[in-house]
Every structure is written in structure tokens, then in C-alpha cells.
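A.B. asks: Going left to right, the sequence shown walks through residues -22 to -1, 1 to 397 as mature numbering (1 follows the signal peptide of the UniProt record, and there is no 0) numbers them.
Quick one: this structure, given as C-alpha cells, is what I'll be asking you about.
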Amino acid sequence: MATRCIALSGLLLLLATGAAVGQVDIYLSTEKSGRGKIPIVVTEIEREDGTLRESAAYITRVLEKDLGYSGYFDPLRFEPGTETLAGGGTAAAVFKGSLAREGERYALDVRLLDYLSGEAIFVKRYIFGAEARRKAAHRLCDEITYFLIGERGVATTRILFCRRSGESKDLYLIDYDGFGERRLTEGELAVSPLWLDAGRLLYTSYKRGNPDCYLIDLGAGKKSLMSYRKGINLASSYLPSEDLVAMTLSIKGNSEVYLLGSSGKVSRRLTRNRAIDCSPSWAPNGNELAFVSDRTGAPHVYVMDKFGGNVRRLSRGSYNVSPSWSPRGESIAYVSREGGLYRLKLVSPDGLMEQTIFDDYYSYEDPSWAPNGKHLAATVKYGGEPWIVVIDTETGEKRRLVRGEFASWSPVDSRAADE
């Protein structure tokens, strides 16, 4: 659990009881505490002149939505023409900003004020081009999140996914909120995308007939074959500290779990049996992996150590697939078939605690964690069409993004290499 100590007047009692007192040291926990979201007032960004009116309003709207999407904050507005909240309500902080021109670029000066004292607790200047207004708002939200919560936000992250069009299924890239869609392949049959780091990603394509694994370098604009062994070449999870990609290969006809370097060289084979073993997912500490096996006659989620030993079964029921280990390490998301629907579940690594995230009339598939371990991207079918949705596992809130499937959520710095 990450915590951050900050001095905000009355925030502790505000979150706990709605009351306000003098200045105290506050500890904000990233765990769900039952206190609800942190109320933060967002005021319209002021501008140097009338020509910046649209840009100032745009950045304000994006920031306001980002704060709400984070799941940590409840963005509020003052009553028109006043600096008071409706019904005499109170808040933790007030955001204020001013936008001006600096040569051919924009300068955004921002301040986060303590609601009760009016003292500035966060001050920063952002310089950016007109085309980067949305990115500037995302970055600001992430920095406010880190300052108040102590966890890195995900507003600057991106999501890979696949979308079918006619006979092809191609790879796409979007911002975390569904904007900025970009097509990465053309006329392929692409599946199983996976982020490696700031600018590299893997995916499997049937472009040459065999399901080969390709590497795309976004910064260099290059694509190359990573693994093209006969049979299946599916990348599922990456451990950056050791440069090891957990993959499913069927070199000898049977699907097994292997570890490969990002260059494509095999490091070691982890599973050896007649069953189908697939879909490995690294624990964040790099000591274990979750994976799927039908060694008992039906697919279940198992855990093994990084050498393939100490195998134990986690899932119950009759059909369980698609494990994804949380970056926080405390739970594994997976999909379980129940009553004709695919339920999204969380299970602790020891298998003692399990919960269903949604118990509705939709099927959920292919979960992928955000780097904060709070949000999940998944595939949900609406009217027979697969859609990428984002789920806040703590609040239960769900947002529909774009048509597509096989989501892969990026690391926090996924823009560094190509922007």
C-alpha cells in the first residue's frame, strides 16, 4: 500500500465525516477506504486573450474528465459567479490555471490551492505546442494524482487492441480514454498485442500463414519478426527487469509455456506435459507466473515459479482462462464461465480470496491491468460486437471506449519513444 503525507487543511475529517477543522497532516491511502472520492474544485482556466478561449476551455474539460476517470477524485464546480459550492458543500482543494502564449507554444501555469486556507500546495508551469493540449491535460492529471495520492496516474497511458474489418483483423492504438486512435497494421490477422516498454510492442499475426510474433518499434517506425517458430507464437506477459517475455509456443505440436528474450531467443521452457499450457502472466516481483492448463480435463488457472516448479491450482468451477496478474501483486484477474456467461473475477495469489467484479448479463474477456493496478481493460460484447471497456475495480465504474478486443494496457511512459 502506497501512502503520501501532505498538509491540507481539514482533509482528513472532510473525507471521513464531511466536517472541517484546522490544518493537520493527512495520509491518503490508495486502497479503497470507504471514505469515498476526494472532492476537488475545477475552475475554468483563465487565458491571456480571447484567441485562447477555446484552448483554455478544452484543457479544462479534459482535465475535469481525467480527474473523474481516475476514480480517486470527485471534480466539482463553483456556483456560477461565486467561489462557493452548492448547498454549502466543501472540498479538499481548488484547481486554478492560466494559459498564455510563449512564442509559438503555450504556457500553462497551474496552482492547486487548499480549499479552506487558499494556500498554494502545488504549483507548476507546462510548455507545449497547440497539438499537445490534450496530452498536457493528461500529464497534469497524473501529476495531481501523484501529489495527492502518492500513486502514478494512468491518464498518459495508452491501450493496444485489435479490430476486425472484413476478412482482416488489425492492430490499433488509443489513448487511455479512447481518443487518438491510430492504426498500426493493414490487412493482417492480428491477435495478442503486448507492450514491452516505452516504445516497443509485440503482437501475433497470420500474415505469412503461420501465427508468428512480430515486434514493432514505435519510435523507429520499424517492424520485425521476433519469433517465427513452426506453430503458435503468442506473447502474453513481459518482465522488464530480466527482459523475459512469457510466451506460448507449440514447437513440437503441443502448446507449452516458454520464456524468451525480447530478441526472440529462448531462455527456458517452463511446462512439460501432454496438456495444453498457455496464457502466462508474470507476477510483478518476477518470481512466479500465472498460466492456464487443461491438465485436469478442463482449463484452469494455475501458478508456478519462474523455473516451472511448485505448481498450484487457483481457480474453481469448470472453465477458467486469461489470467492477468495485478501490478500491485495482490490479485490475479481471470475469466470464468458461469451459466453461459464469462465472468471477470479476482483471486488472491494464495487462492484464499476470490470475488466477481460484475454479476450482470454481459460476458467479459481478455483482462489487462493498467499500471496502477486499479483499472482493468477488458472485452465486452454489446449486441454481438466486441468493445473495449475500462473498469475501476475499486469503485465498480465502467466506461466503454471503442470497438475491438484483445486489449493491452501500456506502461506509464508509453509516449516517451515516439513523441
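Heads up, the beta-carbon is just placed ideally off N, CA and C, and yes, glycines get one too.
Under the DSSP definition of a beta bridge, which residues are partnered with residue 331?
C.D. replies: For residue 331, which the question treats as bridged, DSSP gives no partner whatsoever.
A.B. asks: Is the region 95 to 105 close to the region 345 to 363, with three or more CB pairs under 8 Å?
C.D. replies: no
A.B. asks: Tell me the start and end of each unbroken beta strand (DSSP E) in the region 50 to 76 that is at least 3 residues and wholly inside, in chain order.
C.D. replies: 51 to 54
A.B. asks: Taking 6 Å as the limit between beta carbons, can you name the residues of its chain near residue 458, skipping five residues before and five after?
C.D. replies: Absent from the model: residue 458. The displayed extent of the chain is -22 to 397, so no value can be given.
A.B. asks: Assuming residue 149 and residue 136 form a contact by the criterion Cβ under 8 Å, report the distance between their Cβ atoms to the nearest whole angstrom.
C.D. replies: Incorrect: roughly 12 Å between the Cβ atoms, too far for contact.
A.B. asks: Quick check on DSSP: helix, strand or coil for residue 406?
C.D. replies: Because the chain in this structure spans residues -22 to 397, residue 406 falls outside the shown range and cannot be described.
A.B. asks: Find the nearest neighbour of residue 82 within the set 71, 70, 109 and 183, judged by alpha-carbon distance.
C.D. replies: 109
A.B. asks: Tell me, please, whether the region 113 to 131 touches the region 54 to 68 by the rule of three or more beta-carbon pairs shorter than 8 Å.
C.D. replies: no
A.B. asks: Assign residue 148 to one of three DSSP states: helix, strand, or coil.
C.D. replies: strand
A.B. asks: Looking at the secondary structure, which residues open and close the alpha helix (DSSP H) in which residue 123 lies?
C.D. replies: Boundaries of the alpha helix (DSSP H) harbouring residue 123: 111 to 127, taken from the DSSP string.
A.B. asks: Given this structure, state the Cα-to-Cα distance separating residue 365 from residue 338, to the nearest angstrom.
C.D. replies: 16 Å
A.B. asks: Rounding to the nearest angstrom, what Cα-Cα distance links residue 93 and residue 17 in this structure?
C.D. replies: 10 Å
A.B. asks: Are the C-beta of residue 268 and some C-beta of chain C separated by less than 8 Å?
C.D. replies: The structure shown has no chain C; it contains just one protein chain.
A.B. asks: For a test of the three-state rule: what should DSSP assign to residue 11, helix, strand or coil?
C.D. replies: The pLDDT assigned to residue 11 is 32, lower than 50, so where the model puts this residue is not dependable; a value taken from the coordinates is nonetheless given after this. The answer is coil: DSSP assigns residue 11 none of H, G, I, E or B.
A.B. asks: To which residues does DSSP link residue 18 through a beta bridge?
C.D. replies: 53 and 71
A.B. asks: Here's the rule I'm using: 16 or more other beta-carbon atoms within 10 Å means buried, otherwise exposed. How should residue 243 be labelled?
C.D. replies: Counting of Cβ neighbours within 10 angstroms places residue 243 among the exposed residues, the total staying below 16.
A.B. asks: Can you name the start and end residues of the beta strand (DSSP E) that residue 349 belongs to?
C.D. replies: For residue 349, there is no enclosing beta strand (DSSP E), since its DSSP letter is neither H nor E.
A.B. asks: Can you list, in chain order, the stretches of the beta strand (DSSP E) that have 3 or more residues and sit fully within the region 171 to 239?
C.D. replies: Entirely contained in the region 171 to 239, the beta strand (DSSP E) runs reaching 3 residues are, in chain order, 178 to 183, 190 to 195, 200 to 205, 211 to 217, 222 to 227 and 234 to 239.
A.B. asks: Can you pull the DSSP bridge partners for residue 268?
C.D. replies: 259 and 281
A.B. asks: Based on the DSSP output, what are the partners of residue 342 in its beta bridges?
C.D. replies: According to DSSP, residue 342 bridges with 358.
A.B. asks: Could you tell me whether the region 262 to 277 touches the region 292 to 300, using the rule of 3 or more Cβ pairs below 8 Å?
C.D. replies: yes
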